[in-house]
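S.K.: Have a look at this one before I ask anything.
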Amino acid sequence: MNSRQAQQALRLASRTQGKPQTLRKATRQPAPAALAVEPGTRLTPVANGAVASSRRHPLANQHANARLAHCEESVKGRFEAIIPALQAIAGLHLGDGFSAQAQAIAEAQLGYCLPERILNDAWVSGVDMKALYAYCAFQALKLATEQFANDLRQQVEAVQDTRNFFLDCGFHAVDISPCADGRLKGLMRYILRLPLTSFTRRKAYAGALFDVETDVRHWMATELRRFREGVPTTVDAGTRYLKIAVYHTSSSSPCHEGCAAHGSNDHQAVAAALDRLNQFRQAIENSFCCGASTDILLIGVDTDTDAIRVHIPDGNGELSPQRFVDNKVLFHATLGLSADQAGLAVHEAVEAAINQHGWGTGKGAPHDGMRRLVTNLLINNLSQMDYVMDLHNGQYADIGHAERYISVGDGFEEVQIRNVAYYAHLHTLEEGVADMDVGIKIFKGLNVNHGLPVPVAIHYRYDAGVPGSRERTVAKAQRVAAAIRSRYAALVEQGLLLCHLSVQDTPVGSPVEVVEDVA
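For the sequence shown, the working numbering begins at 4 and goes up steadily by one.
Put into structure tokens, the structure is as follows:
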């Protein structure tokens, strides 16, 4: 059974266990049961509708791929069902029984009811489709958050294993800053196959241009906790703080579908991310001496295929744009090997990059823990590349932007799906105005040009253990919402930008508390 067939089985099981979910139509059908294939073979439709066979990667985790495929289809299916449902409602006669008919369509196609106020007022000046669209987008987000939270509660063992692995590699904290592009929203869960845990921190910024001062403060808080509490390691344990920046490229359209914050200039994206990493490490060394235990790592993602490129540090911890392992090359080179042979090839590729000559030549090899981490990330990513090969014929159809909403603030950490949200991490609009402007520009093309509003989900986390934290967090969300409405007043006046405000306690998987909805 390949990942597509396993996905179908998981989806069927979920339907028999509870209320069926509205899913988008599968773009690929499972092969006929009578078709005989060899074990380890992928079935791939070709242009004439026939079925061609190709090898699955020997290191791919097919069970995990099936679970993730089911999750992606159910989450994206809720968003994709919105427009057809609203189109059906738009065709109804605005007379007696309109509200009941509209609710029947919503329950059948979306799985939830629409705001009665909007439906009851439709006879005055028509149905406010913009408000309904935004409401549905936020409902789909709410259901996705609940789904991921439930799934997280079943990953306790995986979370602990990941924590132990990082510690074994010599890292007591991992801080990841990817680009805010929605195509990287599935970075942790899908591309790198890392479960969400308090051990790792993920904050996205346009162009991966993370705020150095903010991250230095987080480093200080992490080290203080080690000093005061010995968590997760004591100060004499010899472990290190790892900072990772993640840029992205597009292999099929590098000049148009790369990073918008860098004008789709891959060289600029790499250089800018590397510069921020060096600034971060230098800032800590300048303030806390050169012995401060900090490692840096740079990862590139081809958002067309989810293949990663890992830039490997040298013996001094220095990175080079020219010293890396390209997992796309490694995937195809190891496709026909056994699992043992493929695993060995990954290790050899890492060693070859470390010992390369020319522009990327480094000064010695990184410590063993870094080599183990890089190798593990490459192997994890092979499963994701196999996933894209199996379900999307090797390349996503939506190589460009296809986000459903803008996520502002701390973001919904639980929701980890590609191209669902554009993320703007900010505490005030002034400090994150560049991220917001990029997001609005993207959504003008995706939504506004088609008469659809920009759904903006403003979400912040509070610490229930700190007196008054929730109240201050709610006030911050309201303040940011007011600033966004003021800056983009023209869109707001036309009903083309609608905000949803919510807060959440710090632990991952905590209930989302709505502060302000669109209806």
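Even glycine gets a Cβ: it sits at the ideal position worked out from N, Cα and C.
How would you write the range of the alpha helix (DSSP H) that residue 74 sits in, first residue to last?
M.R.: Segment 65-83, the alpha helix (DSSP H) holding residue 74.
S.K.: In whole angstroms, what is the alpha-carbon distance linking residue 414 and residue 360?
M.R.: So the alpha carbons of these two residues sit roughly 42 Å apart.
S.K.: Taking 7 Å as the threshold (C-beta atoms), are residue 339 and residue 58 in contact?
M.R.: Yes, they are a contact pair.
S.K.: Anyone know if the C-beta pair for residue 175 and residue 87 falls short of 7 Å?
M.R.: Contact flag unset, no.
S.K.: Taking its Cβ as the centre, do 16 or more other Cβ atoms sit within 10 Å of residue 303, making it buried, or is it exposed?
M.R.: Counting Cβ neighbours within 10 Å, residue 303 comes out buried, since at least 16 surround it.
S.K.: Give, in chain order, every unbroken run of the alpha helix (DSSP H) that is at least 4 residues long and sits entirely within the region 368-443.
M.R.: Listed in chain order, they are 371-395.
S.K.: Can you tell me which of 194, 199, 381 puts its alpha carbon nearest to the alpha carbon of residue 160?
M.R.: Of the listed residues, the one whose Cα sits closest to residue 160 is 199.
S.K.: Can you name, in chain order, every residue of its own chain whose Cβ lies under 7 Å from the Cβ of residue 50, other than the five neighbours on each side?
M.R.: The pLDDT assigned to residue 50 is 36, lower than 50, so where the model puts this residue is not dependable, and the model offers no usable value.
S.K.: Report yes if the CB atom of residue 526 is closer than 7 Å to the CB atom of residue 62, and no otherwise.
M.R.: The question about residue 526 has no answer, for the chain in this structure spans 4 to 522.
S.K.: Using CA coordinates, which residue listed in 325, 220, 81 is at the minimum distance from residue 317?
M.R.: When only C-alpha atoms are compared, the closest one is 325.
S.K.: Does DSSP classify residue 62 as helix, strand or coil?
M.R.: Note: residue 62 maps to coil in three-state DSSP.
S.K.: Taking only runs that begin and end inside the region 90-121, name each unbroken alpha helix (DSSP H) of 4 or more residues, in chain order.
M.R.: Segments of the alpha helix (DSSP H) lying fully in the region 90-121: 101-112.
S.K.: How many Å lie between residue 418 and residue 79 at the Cα?
M.R.: Straight-line Cα distance between these residues: approximately 11 Å.
S.K.: Where does residue 502 sit, in a helix, a strand or coil, going by DSSP?
M.R.: Three-state DSSP puts residue 502 in a strand.
S.K.: With a threshold of 8 Å on Cβ separation, who are the neighbours of residue 367 within its own chain once the five nearest residues in sequence on each side are excluded?
M.R.: 317, 318, 319.
S.K.: Kindly indicate which three-state DSSP category residue 489 falls into: helix, strand or coil?
M.R.: Three-state result, residue 489: helix.
S.K.: So, helix, strand or coil for residue 497, using DSSP?
M.R.: Here residue 497 sits in coil by DSSP.
S.K.: When the Cα of residue 264 is compared with those of 68, 447, 442, which residue comes out closest?
M.R.: Per the Cα distances, 442.
S.K.: For residue 260, count the other beta carbons within 10 Å of its own beta carbon; 16 or more makes it buried, fewer makes it exposed. Which is it?
M.R.: Its Cβ being crowded by 16 or more others within 10 Å, residue 260 is buried.
S.K.: With which residues is residue 507 paired in a DSSP beta bridge?
M.R.: For residue 507, which the question treats as bridged, DSSP gives the partners 464, 515.
S.K.: Could you give the distance in angstroms between the alpha-carbon of residue 278 and the alpha-carbon of residue 285?
M.R.: Their backbone Cα atoms lie some 10 Å apart in a straight line.
S.K.: To the nearest angstrom, report how far apart residue 229 and residue 124 are at their CA atoms.
M.R.: Taking the straight line from one Cα to the other gives about 58 Å.
S.K.: What three-state label does DSSP hand residue 456 in the structure shown?
M.R.: Three-state DSSP puts residue 456 in coil, outside helix and strand.
S.K.: Within the continuous beta strand (DSSP E) that includes residue 301, where are the two ends?
M.R.: First-last of the beta strand (DSSP E) with residue 301: 297-305.
S.K.: Would you say residue 213 touches the ligand ATP, meaning its beta carbon is less than 6 Å from a heavy atom?
M.R.: What this structure holds is no ligand at all, so the ligand ATP is not there to describe.
S.K.: What are the boundary residues of the alpha helix (DSSP H) that includes residue 168?
M.R.: Here the alpha helix (DSSP H) through residue 168 covers 159-171.
S.K.: Which residue comes first and which comes last in the alpha helix (DSSP H) that contains residue 336?
M.R.: Its alpha helix (DSSP H) spans residues 330-336.
S.K.: Would you call the region 214-228 and the region 249-256 in contact, with 3 or more CB pairs under 8 Å?
M.R.: Cβ pair count under 8 Å is below three, so no.
S.K.: My guess is that residue 422 and residue 210 are in contact by the Cβ rule of under 8 Å, so how many angstroms apart are they, rounded?
M.R.: Contact doesn't hold; Cβ gap of about 18 Å is too wide.
S.K.: Across which residues does DSSP place residue 246 in a beta bridge pair?
M.R.: In the DSSP output, where bridge partners are listed per residue, residue 246 has 178, 299.
S.K.: In angstroms with no decimal places, state the Cα-to-Cα distance between residue 526 and residue 408.
M.R.: Outside the displayed span of the chain (4 to 522) sits residue 526, for which this structure offers no information.
S.K.: DSSP puts residue 252 in a beta bridge; with which residues?
M.R.: Its beta-bridge partners are 305.
S.K.: Given a cut-off of 7 Å on the beta-carbon distance, is the pair residue 504 and residue 485 in contact?
M.R.: No.
S.K.: Let me check understanding here. Comparing Cα to Cα, which of 356, 310, 84 lies closest to residue 369?
M.R.: The shortest Cα separation from residue 369 among 356, 310, 84 belongs to 356.
S.K.: By Cβ distance, which residues of its chain are closer than 6 Å to residue 429, with the 5 residues on each side in sequence left out?
M.R.: For residue 429, where only same-chain residues beyond five positions count, the Cβ hits under 6 Å are 435.
S.K.: Taking three-plus beta-carbon pairs below 8 Å as touching, is the region 490-499 in contact with the region 82-97?
M.R.: They do not touch, by the three-pair rule.
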